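Read the structure below first, then the notes.
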Amino acid sequence: MMTAYFIGKETFNCPLIMEGSWGEKDIGTHESTMELYFHDDATGFIEWDIEDVGFEHIGLWFTIDQFGIRTLDEYDGVMCLSDKAIALLRKFDVIVPKDFE
65 MMTAYFIGKE
75 TFNCPLIMEG
85 SWGEKDIGTH
95 ESTMELYFHD
105 DATGFIEWDI
115 EDVGFEHIGL
125 WFTIDQFGIR
135 TLDEYDGVMC
145 LSDKAIALLR
155 KFDVIVPKDF
165 E
């Protein structure tokens, strides 16, 4: 099993919309906590704990340059990468290309 290293977290309140192939549904405003983890390789994840709703696991893939700087290449687990997830990644020095906004 690959070791996951805790990098940091953010807790916030925001309105949420549940999305699926069936469409979308407003589920109200909830407190959420996102925790960022990196693996030894070029992967990581965000655990998104949404109070009274559940959690989401967002898988992350990066390119790592010669200085150890990570650039987000891909993600999965959610239909779109939220602005809160992008802000968390950038807070911990991950380069998130504009294509993900």
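Residue numbers for the sequence shown follow the numbering used here, so the first one is 65 and each next one is one higher.
Heads up, the beta-carbon is just placed ideally off N, CA and C, and yes, glycines get one too.
Treat the numbers as computed from the prediction; the structure is a model and nothing was measured.
CA-CA distance, residue i and residue j?
i: isoleucine 114; j: leucine 80; result: 9 angstroms
i: lysine 162; j: tryptophan 112; result: 22 angstroms
i: glutamine 130; j: isoleucine 110; result: 24 angstroms
i: tyrosine 101; j: serine 146; result: 17 angstroms
i: lysine 73; j: phenylalanine 119; result: 14 angstroms
i: tryptophan 86; j: leucine 152; result: 29 angstroms
i: tyrosine 139; j: isoleucine 128; result: 15 angstroms
Determine whether the beta carbon atoms of residue i and residue j lie at a separation below 8 angstroms.
i: alanine 149; j: phenylalanine 126; result: no
i: histidine 103; j: valine 117; result: no
i: phenylalanine 76; j: glutamate 99; result: no
i: isoleucine 159; j: isoleucine 133; result: yes
To which residues of the same chain is residue i closer than 7 angstroms at the C-beta, ignoring the five residues directly before and after it?
i: phenylalanine 164; result: Leu136, Leu145 and Ile150
i: methionine 143; result: Glu83
Problem set entry | Start-end ranges of the beta strand (DSSP E) lying completely within the segment 80 to 124, minimum 3 residues | 87 to 102 and 107 to 114
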